[in-house]
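Undergrad:
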Amino acid sequence: MTHLRDRGVDDLAQLTLMSDGASIYECTSNNEVIDLLAGGQGVFGIAIGRVVVEVEGSLAQLPLATEEVAATVATDELSLRRRAKGA
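Right, dumping it as structure tokens:
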């Protein structure tokens with residue numbers, strides 16, 4: 002994880018991580034993926050670039066913290082009095 006954290010986002014977008022259950026391999030080209038698969042063992046792979054795009058899209062859809070605060074303004078009697086007194 003530290004190795005991945007030290008890389009820039011642009012570098013991560015070009016990676017495919019592969020695992021055979023015992024080791025994790027970092028593939029930066031289609032040829033590296035093909036070479037790994039040529040060994041005949043079963044592997045699991047994830048293209049990090051797609052994950053980055055999906056996470057960015059999900060984060061963009063989240064409400065801003067200020068919107069949440071505005072939406073949760075208390076409307077009980079004490080809060081209304083304090084607000085009226087301060088205005």
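Per our numbering, the sequence shown starts with residue 2, numbered consecutively. C-beta: ideal position from N, C-alpha, C; glycine also.
1. For Gly46, list the residues DSSP reports as bridge partners.
2. On the CB-based measure, 16 or more other CB atoms within 10 Å of its CB, does Thr94 come out buried or exposed?
3. At what residues does the alpha helix (DSSP H) containing Ala85 begin and finish?
4. Of all the options Ala85, Gly43, Thr76, Ser59, which has the alpha carbon lying nearest to the alpha carbon of Ile25?
5. Compare the beta carbon distance of Gly46 and Val54 with 8 Å and say whether it is the shorter of the two.
6. Could you tell me which residues DSSP pairs with Glu27 in its beta bridges?
TA: In brief:
1. In the DSSP output, where bridge partners are listed per residue, Gly46 has Met19.
2. Limits of the chain in this structure are 2 at one end and 88 at the other, which puts residue 94 out of reach.
3. Run containing Ala85: 78–87, per the alpha helix (DSSP H) assignment.
4. When each option's Cα is compared against that of Ile25, the closest is Gly43.
5. Their beta carbons are not under 8 Å apart, which means Gly46 does not touch Val54 by this criterion.
6. DSSP output for Glu27 lists Leu18 as bridge partner(s).
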